[in-house]
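Participant: Residue numbers (the working numbering), protein chains in the order written: chain Y, 8 to 686; chain Z, 62 to 643.
Below you will find the structure I want to go over with you.
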Amino acid sequence: MATRIGVDVGGTFTDLVFYDDATGEVRVAKGSTTTGEPDRGVVNTVRAGVPQEKLPETSFFLHGTTVGINALLERKGSVVGLLTTAGFRDVLAMRRGTRGEQMYDPLYQAEPELVPRRLRQPVVERMRADGSVDTPLDPAGIEAALEVFKAASVETVAVCFINAYANPQHEVEAEEALRRLGFEGEISLGHKISREYREYERTSTVVVDAYVRASVSSYLGRLETSLGEQDFSGDCLITRSGGGSLSFEEASSRPFETIMSGPVAGAMGAGELCRALGLERAITADVGGTSFDSCFIVDGRPSVKYEGIVGDMPLQTAWVDVRSIGSGGGSVAYTDRGGALRVGPESAGAVPGPVCYGRGGTNPTTTDAAATLGMLAFGELADGVLLDREAAAQAIEELGGRCGLDRDATASGILTIATAAMADTIRSVSIEEGEDPRDAALIAFGGAGPLFATLLAEELDIKTVVVPGHAGNFSAWGMLGQDITRDASVTAMSPLDDEGLASARRALDSLFEELDQRETQSTSGVETSREASLDIRYSEQESTLTVDWTDPDGDDVAALEERFTTMYQRTFGHVLDGPVEIVSVRATARAALPRRRADGASTNGAAAKESRTIEAYSFTQRERMPFTVVDRAALSAGGPAAGPMIVLEPTTTTYIDVGYDVRVGDADALIIEKAEVSS
Amino acid sequence: MTTTTTTDELTVTHGDSRAGTATTTADADPVTTEVIRYGLQAAADQMRLTLIRGAFSPVIYDVQDLAVTLYDDKLRLLAQGSAQPLFMGALGYVLEAILNRLGGAETLEEGDIVFSTYGYDLGSHQQDAAVIAPVFHEGELVGYAVTKAHHLDIGAKDPYCTDTTDIHQEGVIFPSVKLYRRGERQDDLYRTLLANSRLPTFLAGDLNAQIGAAQVGLKQLLRIIERFGLDTFRQAVERMFDHGEAVMRAFLETVPDGRYVANGIMDNNGVDTDEIPMEVAAEIDGDRVIVDLTGTAPEQRGPMNCPWPTSVAGARIALVSFAVGGQAGDGDHFKGSLNEGHFRAIEVKTKPGTQFHPRPPAPIFMYAWPVFTLIDLLHKALSEALPDALPAAGGGDCCFALWWGTYDDGTAWADAACHPIGMGASARGDSVNPLIHMACSGVKSAPAETTESRRPLVLEKFEFVPDSGGNGRFRGGPAVEYHYRTLRDCFMTLAWDRTRTPPWGVHGGGDALPNRCRVRHADGTVETYEKATGLALRAGSVVELRCGGGGGYGPPEERDPEAVLRDIEDGYVTEGAVQNAA
């Protein structure tokens with residue numbers, strides 16, 4: 008039995024999906040996020056969305072949360088002390104000297120570092136890049152640092168030394184010294200968190216880990232206890248930024264791996280859907296209230312990078328390459344100083360929200376534009392609230408007056424501009440992968456994603472759009488399919504030759520040993536598979552490509568070089584002469600959860616109503632015309648239906664323009680396809 | 062179109078800042094305009110990514126010493142990727158010069174790639190090779206993808222020079238040649254180019270990345286034109302330029318009219334030891350500004366001369382950043398989305414035969430250095446106009462060092478690095494984070510671990526200097542020390558200035574510690590250098606670079622006493638220094 012619950016905590020809503028393995032039944036629920044105490048909102052939503060008698064027989068609770076990221080962005084983490092190599096006290100503040108996107112801001116200053124200078128304490132020691140000792144560690148510095156830390160009530164100590172990725176011996180000695188000297192708090196040890204080179208990025212990762220460790224582990228502990236009180240006794244798992252999930256227990260000691268758990272689950276769910284539908288290439292369009300998230304998926308695998316960024320802090324950890332821009336249902340439209348019409352990135356959020364929500368919002372948003380154009384049909388929300396379409400239209404009309412456009416031109420313009428911004432993000436994501444977006448299917452989900460489905464298809468010349476089942480709660484649904492995964496990697500530079508490959512094999516063996524040691528209760532007894540990959544580049548280049556190392560014992564130099572050059576050709580359109588080198592070795596241990604049935608239709612959807620008609624705006628026809636309005640549940644049978652059509656379900660609305668057909672495909676997904684033009 | 066140049070006997074005016082220079086009253090719809098503007102910017106950013114991901118040299122992928130741009134058929138900037146502001150909008154002049162040398166745009170054919178390394182056409186040193194792909198739509202020339210990137214070696218007398226005396230010592234000149242004709246590479250030219258480099262593998266790799274970037278730009282520009290049709294595209298572009306112009310003029314209207322002047326001093330020109338005085342002025346007149354560089358020093362015997370296109374770019378950086386600082390958070394209009402329109406209200410006056418308008422064959426290798434001080438001085442002048450908009454001075458340099466040598470097997474290596482400097486304090490508060498000079502904003506300084514993993518160098522230090530930022534109501538950013546130890550014999554070029562004049566405070570704030578380069582040679586001697594080319598270093602030498610701090614803002618006696626205590630606790634200042642000041 009593998010009955011499971013997925014809960015995704017977002018900025019506004021807490022989304023739940025319950026899957027009953029015995030019956031295939033799926034329930035969705037949406038609750039309010041309880042800011043400051045999110046575990047309370049999670050428990051409330053579980054109570055509302057899962058029948059009480061089902062909880063004892065539920066095997067897994069899968070979670071995605073913004074607790075770690077919020078602690079970071081709101082600067083509400085622990086007091087951290089940092090031990091650094093003498094001479095390198097300011098690595099964290101130097102930040103490689105960039106202004107980020109504020110290129111021309113003469114007054115630019117970064118956010119204050121997570122560890123102020125007084126708590127960044129130098130220790131005399133030095134490793135060389137080849138792992139040899141340049142200067143042995145002098146424990147006297149640690150004693151002096153500990154005095155400073157005690158006086159400042161430091162809760163967690165982070166240790167990150169130069170070149171410790173090549174030889175962690177001094178970090179190990181520092182930990183021993185800290186314990187010997189009586190430090191009892193948590194310790195975030197650099198090489199246990201990252202063994203990849205680049206000191207600023209690694210120090211940033213280690214400090215982030217130290218900073219959120221206490222808040223993440225106490226949150227997860229409280230949540231596990233509360234769930235226990237509801238008679239849940241299964242395993243608690245949390246989504247990793249790099250895909251897959253890990254147990255609450257392991258997440259408490261490796262919290263930096265969970266920073267991006269929300270958007271990633273949607274991308275992973277989309278990957279699973281691609282496998283179910285046989286889609287080779289797909290792009291996600293996950294549109295929420297404030298942001299648009301997109302990811303490229305090849306053969307059911309979302310693209311994964313090995314460096315992420317939160318705020319302006321880099322993180323060296325596996326990172327599903329979900330690109331985000333500030334464009335969502337709440338994005339505000341305005342005219343700028345030069346009189347141009349602009350949309351976002353500012354969002355009206357949940358409060359005051361779009362004008363049509365009637366909660367005090369006065370600035371027109373993309374949702375108001377959609378409501379004005381009739382794209383949200385009659386504006387009936389799941390909880391019985393009716394959108395104020397009149398107020399929305401009025402706000403749009405006022406804005407239009409400022410740039411010389413009538414009401415419908417303004418509203419359609421707002422959505423066209425928002426669509427263009429999303430489309431350009433999709434193009435960037437695709438082009439960097441060496442792919443053409445026209446060869447991919449678009450998977451639209453999130454509260455506002457299905458609204459943009461055919462708009463994006465039209466802009467990008469994409470032929471197929473998929474709106475998955477439970478599209479509004481799709482991130483929570485995606486969580487249910489996550490494997491339990493553990494990653495480790497190490498920078499180990501060597502030429503790609505027989506000798507280099509042999510040393511990479513030795514590095515891989517020790518990575519798997521490390522992963523075995525990290526195994527916890529949830530994964531013991533589950534069949535675990537092992538995966539390996541290598542970061543490879545042309546010698547002298549900086550950027551690498553991550554190449555599958557499918558058979559670490561069998562793959563020879565020629566096979567790996569072939570794999571690398573094929574991938575290089577695909578990504579950059581050409582290959583180069585010259586030697587190739589290994590930069591990093593990566594290992595993953597994966598324990599698959601029992602498969603769930605992919606066709607579980609939601610059982611708590613509203614009963615199908617008779618289809619109705621509304622005058623709505625068609626972007627392909629550039630005029631208003633009658634749109635059929637149907638409930639999603641009513642679509643489940645029969646052959647393809649032709650747009651224009653608006654499909655309603657409890658947590659989202661799908662807008663299908665003229666020139667597109669829709670049918671219900673496998674896995675309860677809506678398949679929207681460009682209609683064949685008849686001559 | 063880019064150079065509305067009027068000449069009298071003594072001065073040349075670049076641009077025409079009078080209002081009403083907008084070419085049409087474009088009536089493209091605002092929605093299409095915004096969609097096209099966004100698409101052009103995304104295209105330029107994709108060009109940048111293509112270039113840095115394919116490049117071989119850290120000077121491209123880390124230092125990002127490059128420019129990627131799209132121009133229309135009238136040589137007006139459509140979009141520029143977010144790299145090196147130093148080339149801000151200057152590529153239009155480059156394009157114009159290159160087309161003139163070829164005999165006009167009509168000599169171009171589909172599939173051509175034009176290549177130039179002539180400094181006076183490029184507006185910068187010959188290493189900054191330009192690669193241009195003309196864009197044809199249904200047989201009609203509709204625009205250009207224009208890129209520039211710094212190549213580590215194209216056969217100058219040394220890989221990086223601070224002591225040249227004419228342009229011919231500064232690298233092999235390819236005066237606008239077609240490297241590709243109708244899609245076919247001209248192999249004789251290509252081989253000649255590589256044969257003249259000490260680092261042909263790097264040159265080939267970087268050049269191919271640059272060509273790849275130009276081709277991405279070409280494809281994306283065509284995609285946009287095909288999507289909307291050429292007429293709609295052209296109307297939208299006019300409207301986009303008019304909008305950029307309106308944004309800039311609206312800001313300038315808020316600045317009090319007047320002529321704002323500042324004076325400064327540079328160390329020397331790399332050949333002579335004399336200091337170089339500099340006087341710059343910005344005249345705000347309603348919604349326009351005239352930057353006057355005619356009061357600058359005569360053309361220099363050493364390579365501290367800046368060809369006028371980059372002088373204009375320097376003035377634009379100073380003015381655009383002034384606008385961003387002066388709009389208090391409303392600077393989004395400039396965030397990586399500059400176009401020709403933003404520059405229409407800016408006019409620049411230069412005098413031929415001066416440091417900011419040299420004539421061939423005067424040496425120009427260090428063309429960027431006068432621009433650092435130009436920007437700092439324009440900011441100093443304009444901070445009198447809007448005191449909250451601009452900070453005190455920073456270290457005023459990109460603190461550039463370049464090493465090269467050979468490994469045991471005889472293969473050559475080279476590595477280059479820019480270093481961050483302390484920033485001046487401002488009305489917003491203290492400065493903490495050192496940054497790369499605004500002229501090179503976007504450059505990332507190299508990690509110690511990357512350098513050490515591939516070069517025979519060890520960093521001993523990478524840290525703030527106590528008591529180095531200017532005092533004031535708000536404290537300037539600290540200076541930074543970088544100490545490099547050499548593990549093998551090698552050579553080094555130090556391209557530095559502003560080691561003699563400290564970064565200044567403003568509105569009563571104190572000065573900061575200036576730049577300094579010192580070498581502890583392996584034999585025990587210690588020497589301080591200002592500029593040096595091909596300095597021989599034995600294994601075991603330590604190069605101690607100090608990148609200057611930032612000046613203070615406001616009188617020190619107005620500083621919050623608690624902030625002083627915090628500074629002592631953090632080690633930004635020492636107790637001794639505080640007592641001495643009291």
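Note that CB positions come from ideal geometry on N, CA and C, so glycine has one too.
Predicted, not measured: the structure shown is a model, and the values here were computed from it.
Roughly how many whole angstroms lie between the Cα atoms of A620 of chain Z and N532 of chain Z?
Facilitator: The sequence as given places Arg at residue 620 of chain Z; Ala does not occur at that position. If I take the Cα positions, the gap works out to 9 Å.
Participant: Expressed to the nearest angstrom, what Euclidean distance is found between the alpha-carbon atoms of S506 of chain Z and T369 of chain Y?
Facilitator: Near 45 Å, if we compare the C-alpha coordinates of T369 of chain Y and S506 of chain Z.
Participant: Pick out whichever of Z:D584, Z:Q141 and Z:Y179 has its Cα sitting closest to the Cα of A190 of chain Z.
Facilitator: It is Z:Y179.
Participant: Find the residues of chain Z that neighbour V98 of chain Y, judging by a C-beta separation of less than 7 Å, and give them in chain order.
Facilitator: What V98 of chain Y touches in chain Z: F523.
Participant: Could you tell me whether the region 558-576 of chain Z touches the region 599-613 of chain Z, where touching means 3 or more Cβ pairs closer than 8 Å?
Facilitator: Counting Cβ pairs under 8 Å, three or more are found: they touch.
Participant: Taking three-plus beta-carbon pairs below 8 Å as touching, is the region 381-390 of chain Z in contact with the region 297-312 of chain Z?
Facilitator: These segments touch.
Participant: I'd like the list of long-range same chain contacts for Q230 of chain Z, defined as Cβ closer than 6 Å, with 5 residues on each side in sequence excluded.
Facilitator: Answer for Q230 of chain Z: K218, listed in chain order.
Participant: Grouping DSSP H, G and I as helix and E and B as strand, with all else coil, what is F235 of chain Z?
Facilitator: Three-state DSSP puts F235 of chain Z in coil, outside helix and strand.
Participant: For N77 of chain Y, which residues from the same chain have a beta carbon less than 8 Å from its beta carbon, with the 5 sequence-adjacent residues on both sides left out?
Facilitator: Within the same chain, N77 of chain Y has close Cβ partners K83.
Participant: Give every residue of the same chain whose Cβ lies closer than 7 Å to the Cβ of D27 of chain Y, excluding the five residues on either side of it in the sequence, and list them in chain order.
Facilitator: These residues qualify, in order along the chain: T10 and K61.
Participant: Where do the N-terminal and C-terminal ends of the alpha helix (DSSP H) with P359 of chain Y fall, by residue?
Facilitator: Premise fails: P359 of chain Y is in no alpha helix (DSSP H) and is neither H nor E.
Participant: From the DSSP secondary-structure annotation, give me the bridge partner or partners of I194 of chain Y.
Facilitator: I194 of chain Y is bridged to Y:V164.
Participant: Just to confirm before moving on: does the CB-CB distance between M108 of chain Z and I378 of chain Z stay below 8 Å?
Facilitator: No. Outside cutoff.
Participant: Using the rule of at least 16 other Cβ atoms within 10 Å of the residue's Cβ for burial, across every protein chain shown, is I326 of chain Z buried or exposed?
Facilitator: That one is exposed.
Participant: Since R619 of chain Y sits in a beta bridge, which residues does DSSP pair it with?
Facilitator: Bridge partners of R619 of chain Y: Y:V636.
Participant: Taking the C-alpha atoms as reference points, what is the distance between L393 of chain Y and G381 of chain Y?
Facilitator: Each residue's alpha carbon lies about 13 Å from the other.
Participant: Decide if the region 404-415 of chain Z is in contact with the region 444-454 of chain Z; the criterion is three or more beta carbon pairs, one per stretch, under 8 Å apart.
Facilitator: As far as the Cβ criterion goes, the region 404-415 of chain Z does not touch the region 444-454 of chain Z, which means the pair count is below three.
Participant: Can you tell me whether G278 of chain Z is helix, strand or coil according to DSSP?
Facilitator: Reduced to three states, the DSSP call for G278 of chain Z is helix.
Participant: Just how far apart, CA to CA, sit T573 of chain Y and D560 of chain Y?
Facilitator: Cα to Cα, the separation comes out at about 21 Å.
Participant: Would you check if the distance between the CB atom of P586 of chain Y and the CB atom of S546 of chain Y is smaller than 8 Å?
Facilitator: Yes, Cβ-Cβ distance for P586 of chain Y and S546 of chain Y is below 8 Å.
Participant: Which residues does DSSP pair with F452 of chain Y in a beta bridge?
Facilitator: Answer is Y:D293, bridged to F452 of chain Y.
Participant: Of all the CB atoms in chain Z, is at least one closer than 8 Å to the CB of D431 of chain Y?
Facilitator: True, the Cβ-Cβ gap to chain Z drops below 8 Å.
Participant: Pick out whichever of Y:Y667, Y:A594 and Y:R597 has its Cα sitting closest to the Cα of Q628 of chain Y.
Facilitator: Looking at the Cα atoms, Y:Y667 is the closest of the given residues.
Participant: Using a C-beta cutoff of 8 Å, does C302 of chain Y count as contacting chain Z?
Facilitator: No, no contact with chain Z.
Participant: In whole angstroms, what separates the C-alpha of H418 of chain Z from that of T225 of chain Z?
Facilitator: Near 17 Å, if we compare the C-alpha coordinates of T225 of chain Z and H418 of chain Z.
Participant: Could you check if H581 of chain Y is buried or exposed, using at least 16 other CB atoms within 10 Å of its CB as the buried criterion?
Facilitator: H581 of chain Y is exposed by the Cβ-count criterion.
Participant: Taking any Cβ of chain Y, which residues in the region 240-273 of chain Z have a Cβ under 9 Å from it, in chain order?
Facilitator: Of all residues in the region 240-273 of chain Z, T262, F263, A265, G266, N269, A270 and G273 have a Cβ within less than 9 Å of some Cβ in chain Y.
Participant: What is the rounded straight-line gap between the Cα of V504 of chain Z and the Cα of A477 of chain Z?
Facilitator: The alpha-carbon atoms of V504 of chain Z and A477 of chain Z are separated by roughly 12 Å.
Participant: Compare the C-beta of R124 of chain Y against all C-beta atoms of chain Z and say whether one is closer than 8 Å.
Facilitator: It does; some Cβ of chain Z falls within 8 Å.
Participant: Taking Y633 of chain Z as the reference, give the member of Z:E521, Z:P539 and Z:D353 with the closest Cα.
Facilitator: Of the candidates Z:E521, Z:P539 and Z:D353, the one whose C-alpha sits nearest the C-alpha of Y633 of chain Z is Z:P539.
Participant: So which residues on chain Z does A95 of chain Y lean against when the C-beta distance must stay under 9 Å?
Facilitator: Checking the sequence, you will find Phe at residue 95 of chain Y rather than Ala. Result: A509, L520, K522, F523 and E524.
Participant: Taking the CB atoms as reference points, tell me whether A599 of chain Y and A283 of chain Y lie closer together than 8 Å.
Facilitator: No.
Participant: Tell me whether the beta-carbon of T163 of chain Y lies closer than 8 Å to the beta-carbon of S195 of chain Y.
Facilitator: Yes, the pair counts as a contact, with Cβ atoms nearer than the cut-off.
Participant: In chain order, what residues of the same chain lie with their CB nearer than 8 Å to the CB of T467 of chain Z, ignoring the 5 residues before and after it?
Facilitator: Counting only Cβ-Cβ distances below 8 Å, and skipping sequence neighbours, we find A473 and W474.
Participant: Using C-beta distances below 8 Å, list every residue in its chain close to V625 of chain Z, excluding the 5 sequence neighbours before and after it, in chain order.
Facilitator: Hits under 8 Å: V634 and V639.
Participant: May I ask you to list the residues that DSSP assigns as paired with E331 of chain Y?
Facilitator: In the sequence as displayed, the identity of residue 331 of chain Y is Ser instead of Glu. Answer is Y:D300.
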